[in-house]
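In the numbering used here, the protein residues as written are 1 to 75.
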């Protein structure tokens, strides 16, 4: 689960306080977090914030319509 606080000032959204909580599932020994396709496709700023904290796409769960992300060290 990923928890995000969104503030909007003068029509500009700011993503703050990104918390990576317990994983949604495990795939190949990696703890993964599911992010729905709709968010991945429509919210580029959110995806940039997610990648900035070290989450990388490692798979896709077609049955639940989510992309799976695991946390890696930020390089």
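A virtual CB, placed ideally from N, CA and C, is assigned to each residue, including glycine.
Fair warning: this is a prediction, and the values are worked out from it, not measured in the lab.
Going by the CB atoms, is the gap between residue j and residue i shorter than 8 Å?
i	j	result
residue 70	residue 58	yes
residue 66	residue 36	yes
residue 55	residue 27	no
If you reduce the DSSP assignment to three classes, tell me which class residue i lands in.
i	result
residue 40	helix
residue 49	helix
residue 72	coil
residue 21	coil
Please identify the residue among the options whose C-alpha is closest to the C-alpha of residue i.
i	options	result
residue 61	8, 3 and 32	32
residue 12	68, 46, 18 and 25	46
residue 17	43, 3, 30 and 26	3
residue 20	63, 68, 64 and 50	50
residue 64	5, 38, 15 and 44	38
Given this structure, state the Cα-to-Cα distance separating residue i from residue j, to the nearest angstrom.
i	j	result
residue 34	residue 8	25 Å
residue 72	residue 30	10 Å
residue 14	residue 40	17 Å
residue 44	residue 1	19 Å
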